[in-house]
Amino acid sequence: MTLPAWAQGRGWQNIVLADKLKNSMIPLQLKGDTMNGLADKKTLELYPIDYPFETLVARINADKPKLLLNPDFQRKYKWDKQGWERASRFIESCLMRIPLPSCYFAEDKEGRHIVIDGVQRLTTIVRFLKDEFALEGLTTFKELEGKKFSQIGDYKSELEATTIRCIVLRKENPQSLIREIFSRLNQGAVSLSDQEIRHALYPGKFDDLLKKLAAKNEIKNFGKGPHSKSEKDSLEAEEQVLRYFAFSEDMDKYGDRFSRFLDDFMSSKQGIDDAEIEFLENAFT
């Protein structure tokens with residue numbers, strides 16, 4: 006196989022699958038630098054903007070979205086558990102004009118905004134405006150009990166015009182600093198793994214390729230016991246694939262912070278074209 010120009014001199018070899026796994030199997034618990042080692046720059050470049058709900062939904066639902074609610078995190082939507090009361094109370098708070106907590110976005114290289122905090126609130130807004138649930142458990146706007154967005158009359162325009170403060174982290178910020186902010190903002194009841202954070206911060210074709218290659222049974226089942234948890238295993242498998250690519254191509258950039266090494270490599274692969282994706286897939290398989 007002839008290497009393309011971008012791959013020449015960058016460590017690529019004809020490696021069989023067993024060697025890939027053997028050479029990339031750094032212990033999974035090597036995550037000690039997750040909350041340490043910020044870049045020399047310790048303050049953020051950011052700007053605030055107040056978005057009406059109608060604009061937010063349009064940016065999320067556009068053919069080429071300008072605001073990205075990462076699909077992995079949408080699947081982890083929590084506010085529909087045991088009914089829609091929590092989501093309904095949020096909508097009711099909006100109608101009551103109670104000040105809402107800010108959402109945080111990270112600007113990517115293409116100028117799009119990736120949601121790093123506020124997924125539950127934004128997903129609730131999108132789902133309600135799409136008529137996906139009826140309001141329940143209301144205490145103030147009781148006349149709206151049992152109604153969907155299309156049924157709330159004049160309140161529709163009021164809700165669409167409701168604004169929420171959004172803080173945008175500029176793309177000029179060091180990736181390590183943005184990742185640190187993401188970790189701190191998401192220190193909730195369910196902590197996120199390093200790979201989950203990478204999915205949120207670096208979506209795109211390369212991220213999709215990691216998931217596709219990790220889904221192969223020979224990778225997913227490598228070193229796993231019979232009672233492994235499937236979601237955790239899939240994330241670990243994706244990180245193993247990422248490690249293979251990172252060490253194959255950028256071994257000389259590996260320093261004393263393993264997580265940052267993987268973060269930087271994944272960031273560098275955002276926006277790669279279909280030809281490079283095809284090469285990477287063929288090199289792995």
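Residue numbering for the sequence shown follows my numbering, starting at 6 and increasing by one per position. Each residue gets a CB set at the ideal place from its N, CA and C atoms; glycine is no exception. This structure is a prediction, so every number in the text was calculated from the model and none was measured.
CA-CA distance, residue i and residue j?
{"i": "aspartate 213", "j": "lysine 147", "result": "44 Å"}
{"i": "aspartate 268", "j": "phenylalanine 211", "result": "13 Å"}
{"i": "arginine 265", "j": "phenylalanine 252", "result": "13 Å"}
{"i": "threonine 60", "j": "lysine 161", "result": "14 Å"}
{"i": "aspartate 136", "j": "methionine 101", "result": "20 Å"}
{"i": "isoleucine 183", "j": "aspartate 255", "result": "22 Å"}
{"i": "lysine 217", "j": "glutamine 275", "result": "16 Å"}
{"i": "glycine 42", "j": "phenylalanine 133", "result": "Residue confidence for glycine 42 is low, a pLDDT of 43 falling below 50, so the modelled location carries little weight; the figure read from the coordinates is stated next. Straight-line Cα distance between these residues: approximately 41 Å."}
{"i": "glutamate 281", "j": "glutamate 163", "result": "47 Å"}
{"i": "leucine 149", "j": "leucine 105", "result": "21 Å"}
{"i": "glutamine 87", "j": "cysteine 99", "result": "22 Å"}
{"i": "isoleucine 65", "j": "leucine 73", "result": "6 Å"}
{"i": "tyrosine 82", "j": "isoleucine 103", "result": "23 Å"}
{"i": "lysine 69", "j": "lysine 152", "result": "31 Å"}
{"i": "tyrosine 207", "j": "aspartate 278", "result": "15 Å"}
{"i": "serine 272", "j": "leucine 143", "result": "44 Å"}
{"i": "alanine 67", "j": "aspartate 159", "result": "25 Å"}
{"i": "glutamate 115", "j": "valine 131", "result": "23 Å"}
{"i": "threonine 290", "j": "arginine 170", "result": "46 Å"}
{"i": "phenylalanine 250", "j": "phenylalanine 263", "result": "14 Å"}
{"i": "phenylalanine 270", "j": "valine 62", "result": "32 Å"}
{"i": "lysine 221", "j": "glutamate 283", "result": "17 Å"}
{"i": "glycine 14", "j": "leucine 174", "result": "Residue placement at glycine 14 is flagged as unreliable, the pLDDT there being 49, under the threshold of 50; the coordinate-derived value follows with that caveat. Straight-line Cα distance between these residues: approximately 35 Å."}
Would you mind stating whether residue i and residue j have Cβ atoms separated by less than 7 Å?
{"i": "aspartate 55", "j": "threonine 168", "result": "yes"}
{"i": "phenylalanine 110", "j": "valine 124", "result": "no"}
{"i": "leucine 215", "j": "leucine 190", "result": "no"}
{"i": "isoleucine 172", "j": "serine 107", "result": "yes"}
{"i": "arginine 117", "j": "lysine 71", "result": "yes"}
{"i": "glutamate 244", "j": "glutamine 200", "result": "yes"}
{"i": "asparagine 178", "j": "glutamate 286", "result": "no"}
{"i": "threonine 129", "j": "phenylalanine 95", "result": "yes"}
{"i": "alanine 166", "j": "proline 57", "result": "yes"}
{"i": "threonine 48", "j": "glutamate 97", "result": "no"}
{"i": "glutamate 141", "j": "tryptophan 89", "result": "yes"}
{"i": "alanine 242", "j": "alanine 219", "result": "yes"}
{"i": "leucine 240", "j": "serine 188", "result": "no"}
In or out: residue i buried (at least 16 other Cβ within 10 Å) or exposed?
{"i": "alanine 92", "result": "buried"}
{"i": "aspartate 261", "result": "exposed"}
{"i": "glutamate 112", "result": "buried"}
{"i": "alanine 288", "result": "buried"}
{"i": "serine 155", "result": "exposed"}
{"i": "aspartate 122", "result": "buried"}
{"i": "isoleucine 157", "result": "buried"}
{"i": "methionine 40", "result": "The pLDDT assigned to methionine 40 is 37, lower than 50, so where the model puts this residue is not dependable, and the model offers no usable value."}
{"i": "arginine 203", "result": "buried"}
{"i": "arginine 126", "result": "buried"}
Could you pull the start and end residues of the beta strand (DSSP E) that residue i belongs to?
{"i": "leucine 51", "result": "51 to 57"}
{"i": "glutamate 112", "result": "108 to 112"}
{"i": "aspartate 1", "result": "Residue 1 is absent from the structure shown; the chain starts at 6 and stops at 290."}
By the DSSP assignment, the alpha helix (DSSP H) with residue i in it spans what residues?
{"i": "isoleucine 103", "result": "It is not in any alpha helix (DSSP H) - isoleucine 103 carries neither H nor E in the DSSP assignment."}
{"i": "alanine 220", "result": "Element bounds for alanine 220: n/a, residue is neither H nor E."}
{"i": "leucine 206", "result": "199 to 206"}
Secondary structure, beta strand (DSSP E): runs of 3+ residues fully inside the region 126 to 196 | 168 to 174
In chain order, which continuous runs of the alpha helix (DSSP H) of length 4 or greater are located wholly inside the region 241 to 282?
-> 263 to 273
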